[in-house]
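Let me begin by presenting the structure, written as structure tokens, before commenting on it.
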Amino acid sequence: MSNFALIATLLMLMALAYHLGLTRSRAVASSRDVRLHSRPGYYGTLVALWCGLPALVIFLLWSFLAPQLIDTLVTGQLPPELVSGLGDREMQTLMRRISALADGRGVAGGGSPEELAAASHMARLQTLENIALIAVMAVLAVAGLVLARRRISPTWRARNQVERVITFALAASSAVAILTTVGIVLSMLGEALRFFSFIHPADFFFGTVWNPRFSTAGSSGQGEFGLLPLLWGTLMVSAIALLVAIPVGLMTAIYMSEYASPWLRSIAKPIIEILAGIPTIVYGFFALTVIGPFLSMLGDLVGINIRTTSAMTAGIAMGIMIIPFVSSLSDDIITQVPKSLRDGALGLGATKSETIRQVVLPAALPGIVGAFLLAASRAIGETMIVVLAAGNNPVLHANPFEAVSTITVTIVNQLTGDMDFASPQSLVAFALGLTLFVITLGLNVIALVVVRKYRQQYE
Amino acid sequence: MDTSTHSSASSSANSESTNARERAPSGAMSSVSVGNGENRVSKATDKVKLKAEGVNVFYGDTQAINGIDLDIYENEVLAFIGPSGCGKSTFLRCLNRMNDTIDICRVEGKITLDERDIYAPDRDVVLLRAQVGIVFQKPNPFPKSIYENIAYGPRLHGLAKRKAELDDIVESSLRRAGLWDEVKDRLDKPGTGLSGGQQQRLCIARTVAVSPDVILMDEPCSALDPIATAKVEQLIDELSESYTIVMVTHNMQQAARVADRTAFFHMGDLAEVDTTDNIFTNPQDQRTHDYITGRFG
Numbered sequence: 001m002s003n004f005a006l007i008a009t010l011l012m013l014m015a016l017a018y019h020l021g022l023t024r025s026r027a028v029a030s031s032r033d034v035r036l037h038s039r040p041g042y043y044g045t046l047v048a049l050w051c052g053l054p055a056l057v058i059f060l061l062w063s064f065l066a067p068q069l070i071d072t073l074v075t076g077q078l079p080p081e082l083v084s085g086l087g088d089r090e091m092q093t094l095m096r097r098i099s100a101l102a103d104g105r106g107v108a109g110g111g112s113p114e115e116l117a118a119a120s121h122m123a124r125l126q127t128l129e130n131i132a133l134i135a136v137m138a139v140l141a142v143a144g145l146v147l148a149r150r151r152i153s154p155t156w157r158a159r160n161q162v163e164r165v166i167t168f169a170l171a172a173s174s175a176v177a178i179l180t181t182v183g184i185v186l187s188m189l190g191e192a193l194r195f196f197s198f199i200h201p202a203d204f205f206f207g208t209v210w211n212p213r214f215s216t217a218g219s220s221g222q223g224e225f226g227l228l229p230l231l232w233g234t235l236m237v238s239a240i241a242l243l244v245a246i247p248v249g250l251m252t253a254i255y256m257s258e259y260a261s262p263w264l265r266s267i268a269k270p271i272i273e274i275l276a277g278i279p280t281i282v283y284g285f286f287a288l289t290v291i292g293p294f295l296s297m298l299g300d301l302v303g304i305n306i307r308t309t310s311a312m313t314a315g316i317a318m319g320i321m322i323i324p325f326v327s328s329l330s331d332d333i334i335t336q337v338p339k340s341l342r343d344g345a346l347g348l349g350a351t352k353s354e355t356i357r358q359v360v361l362p363a364a365l366p367g368i369v370g371a372f373l374l375a376a377s378r379a380i381g382e383t384m385i386v387v388l389a390a391g392n393n394p395v396l397h398a399n400p401f402e403a404v405s406t407i408t409v410t411i412v413n414q415l416t417g418d419m420d421f422a423s424p425q426s427l428v429a430f431a432l433g434l435t436l437f438v439i440t441l442g443l444n445v446i447a448l449v450v451v452r453k454y455r456q457q458y459e
Numbered sequence: 001m002d003t004s005t006h007s008s009a010s011s012s013a014n015s016e017s018t019n020a021r022e023r024a025p026s027g028a029m030s031s032v033s034v035g036n037g038e039n040r041v042s043k044a045t046d047k048v049k050l051k052a053e054g055v056n057v058f059y060g061d062t063q064a065i066n067g068i069d070l071d072i073y074e075n076e077v078l079a080f081i082g083p084s085g086c087g088k089s090t091f092l093r094c095l096n097r098m099n100d101t102i103d104i105c106r107v108e109g110k111i112t113l114d115e116r117d118i119y120a121p122d123r124d125v126v127l128l129r130a131q132v133g134i135v136f137q138k139p140n141p142f143p144k145s146i147y148e149n150i151a152y153g154p155r156l157h158g159l160a161k162r163k164a165e166l167d168d169i170v171e172s173s174l175r176r177a178g179l180w181d182e183v184k185d186r187l188d189k190p191g192t193g194l195s196g197g198q199q200q201r202l203c204i205a206r207t208v209a210v211s212p213d214v215i216l217m218d219e220p221c222s223a224l225d226p227i228a229t230a231k232v233e234q235l236i237d238e239l240s241e242s243y244t245i246v247m248v249t250h251n252m253q254q255a256a257r258v259a260d261r262t263a264f265f266h267m268g269d270l271a272e273v274d275t276t277d278n279i280f281t282n283p284q285d286q287r288t289h290d291y292i293t294g295r296f297g
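Taken in sequence, the protein lines are chains A and B.
Residue numbers are given in this note's numbering: position 328 of the first sequence equals residue 328, and the series is strictly consecutive.
Residue numbers are given in this note's numbering: position 49 of the second sequence equals residue 49, and the series is strictly consecutive.
Rendered as structure tokens:
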């Protein structure tokens, strides 16, 4: 029986259990002429849950553990002459071949007699395991159904128990998101540590040269993995982006929240927010075909040679991209400043722009700074625009009109094409990813703290 | 409320040409002694400071104020009372054009300050508000230091040329608001850190700092405890020496305690305006009578 059919059957059984619970509780209520604690639907739901949940939990645990158990059993049965002298990797290949044979898929070159024997052993174990699983689940489901149905009585607080199950389900969903985050961080951390076993952390974090040699054949060292040129490129491009986005975004926010008529706002705000919905690859394309040539034309006018792809090109495109972040968030925060403060300033004879500059903006400043930081972390993590428009030149220099490379671009470069996850050339991507993660996490945490502090002021 | 404790008006001080006042019977205006046997002397002169003629106010299509005529005299304390939603705050906010900040609000009729139309097209609303200050229902200090809260208005209008002058304005404003002794050691601390009553007096000091002629107060004590209220009321009494004060209040005892004259608003109409004493002891309008005897509102 396939897992899909198994779950489908279980669901049908739960539907049946719901119905049985419903009819049973109605019968109880009418025969004894008493008020049930809960509505019949709750008893039905509870019986269905008792029927389904334990079986489901067993199913999940079983699917997780049984293959490992079978692997162990099969490995133990393997003739010693087949296993002897095999490394980890060869062992994995062997087990993959055996399980392919057991599933009847066949392997390249056909199986050796020992492999075939092991495969049939495995197939037998799998059948046994499957039957056992079905039996256990059936027993649990039916037992749950019967016991729960029998417990139905006017005093059983089905409603409260359903509530508990709902709470648990909600908590479990949140746990999935949290555990995924933790998992991602841990896996990055693990790989990054492997990288640091090749390259000393000091050489990585403080190295000023980025030159990872891809030639694994050459024995001439592993290349140089200095983070600083990439970090510098990232910061330069992000800083240019913020220089573009902060003034434009903030002034947009002020106009939208304080001056624009409701009619204009209802049209202009969605249009600005469309900017945030444009795929970043399109921005990269725009930078490459419009901004870059435009900048180099400007350079020609004043007699400087400006490259089409440069930190400036990528920074401007990225700045345009994050304008809606800055303007939307700042707009919300400016709108939150209480009207009483504006009235206070206006009542003293301040003009509208004086009120905004001297009272509203200072009051909103912490929140606006939070918005800036969120925009900054967005800029630092941005990839496609810089891949296309920054020129991919991981060298330390201070000229914004020169090509640079960023952390994100380098990760792309290191992980595309042929990869060997045992070499520092690929593993460095995890160290870079972790660095990036720490930077953006730090910015987000600061932003959240700042925003929260601001919120407390008016509540 | 118990109106029996109100002694009748005693005559004294400036009583010349009180007859000129609409609805204010002769002699009753000059000095009113109200509540608790406390004698307060009106500083009102007979000069009309603010004059409203046929003022209508609309919120969108709804009319909130119906053709109000009212004279407000220099240095008097005038209280607006009336049930919720009767238009008293709306009318108050017309007097320094704070209603301009509400998009759907429209004002008709004529309001003059010192015989100049405040809604005239060439009238500078910014200067008007410097002349007619306003204190709001909820204390709304700026999220700045106490010093900066007071200094804000004078800086806007260039009232001080040097730091020392500004310091003087800040100190004298805080003194007038009776707050100086409480805050003089922490002028650099945020104004929002003060207690509610202190914040409200800070807002009054802030208004005083730009030396207005008229101070409007929109239920200045409704968010305050009785002790803070008493302080603000005492302050109003002192301020009436140099300012014309128009206040909205929900609290009839408060009107009786601090106001020279009281205006009763009802459903957008100005039902009656008279000396505070007359309003509370001998109302001419049936609606006023019903309201002060607690029949509605």
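Ideal placement from N, C-alpha and C gives every residue a C-beta, glycine not left out.
Asked	Found
Supposed close pair ALA287/A, THR252/A - CB separation, criterion 8 Å	In fact, because the Cβ distance is near 21 Å, the residues do not count as touching under 8 Å.
Residue nearest to LEU202/B in terms of C-alpha spacing, selected from GLU148/B, ARG93/B, SER242/B	GLU148/B
Nearest-angstrom Cα separation, counted from SER174/A out to LEU235/B	57 Å
Whole-angstrom distance between GLU258/A and ILE104/B, CA atom to CA atom	15 Å
Limits of the unbroken beta strand (DSSP E) element including GLY223/A	Element bounds for GLY223/A: n/a, residue is neither H nor E.
Residue-level contact to chain B via CB, SER330/A, 9 Å cutoff	no
Assigned secondary structure, VAL32/B (DSSP; H/G/I helix, E/B strand, else coil)	Caution applies to VAL32/B, whose pLDDT of 39 falls short of 50 and renders its modelled position unreliable; the value that the coordinates give is listed next. It is a strand residue.
Three-state secondary structure assigned by DSSP to SER215/A	Annotation note: pLDDT 48 at SER215/A (below 50); position unreliable, coordinate value reported separately. Note: SER215/A maps to coil in three-state DSSP.
SER4/B, buried or exposed, once every other Cβ within 10 Å from all chains shown has been counted against 16	Unreliable placement is indicated for SER4/B, whose pLDDT of 42 sits below 50; the coordinate value is still reported in the next sentence. With fewer than 16 other Cβ atoms within 10 Å, it is exposed.
Member of ALA8/A, LEU36/A, THR406/A, LEU13/A whose CA lies at the smallest distance from the CA of ARG151/A	LEU36/A
Whether ASN99/B touches LEU128/B by CB criterion (9 Å)	no
Contacts of LYS138/B in chain A (Cβ-Cβ under 9 Å)	PRO338, SER340
Min CB distance GLY153/B to chain A below 9 Å	yes
Where the alpha helix (DSSP H) containing GLY183/A begins and where it ends	158 to 198
Those runs of the alpha helix (DSSP H) which lie wholly inside the region 57 to 107 of chain B and span at least 4 residues	88 to 94
Residues, ordered as in the chain, of the region 340 to 365 of chain A that lie near chain B by beta-carbon distance below 8 Å	SER340, LEU341, ARG342, ASP343, GLY344, ALA345, LEU346, GLY347, LEU348, GLY349, ALA350, THR351, GLU354, GLN358, VAL359, PRO362, ALA363
Contacts around GLY381/A, its chain only, beta-carbon distance under 6 Å, and the 5 residues preceding and following it disregarded	THR440
Under 8 Å by beta carbon: chain A residues contacting ASN96/B	GLY347
For GLY391/A, three-class secondary structure by DSSP	strand
Neighbour flag for ASP213/B against chain A, beta carbons, 9 Å	no
Identified DSSP bridge partners for ARG261/B	LEU78/B, THR275/B
C-beta atoms of TRP232/A and VAL369/A nearer than 9 Å	no
GLY299/A: first and last residue of the uninterrupted alpha helix (DSSP H) it sits in	292 to 302
Runs of alpha helix (DSSP H) wholly within the region 325 to 411 of chain A (minimum 4 residues, chain order)	339 to 347, 352 to 355, 361 to 381, 384 to 389
Beta carbon of GLY158/B nearer than 9 Å to that of ALA209/B	no
Within-9 Å CB hit, LYS144/B to chain A	yes
Residues in the region 269 to 284 of chain B having any Cβ partner in chain A nearer than 8 Å	none
Pair within 9 Å by beta-carbon distance, ALA389/A and GLY284/A	yes
For VAL146/A, the residue or residues it bridges with in DSSP	DSSP, once it has assigned bridges, lists no residue as partnering VAL146/A.
Partners in chain D for ALA160/B, counting only beta-carbon separations shorter than 9 Å	Looking for chain D here will not work: the only protein chains present are A and B.
Of the residues ALA345/A, GLN358/A, VAL386/A, the one placed nearest THR101/B, counting alpha carbons only	ALA345/A
PRO226/B, buried or exposed, once every other Cβ within 10 Å from all chains shown has been counted against 16	exposed
Residue environment, HIS200/A, which counts as buried when at least 16 other CB atoms sit within 10 Å	exposed
TYR243/B CB to nearest heavy atom of the ligand GDP below 8 Å	No copy of the ligand GDP occurs in the structure displayed, which carries no ligand at all.
CB contact check: PRO201/A to chain B, cutoff 9 Å	no
Proximity test, Cβ basis, 9 Å: CYS105/B and chain A	no
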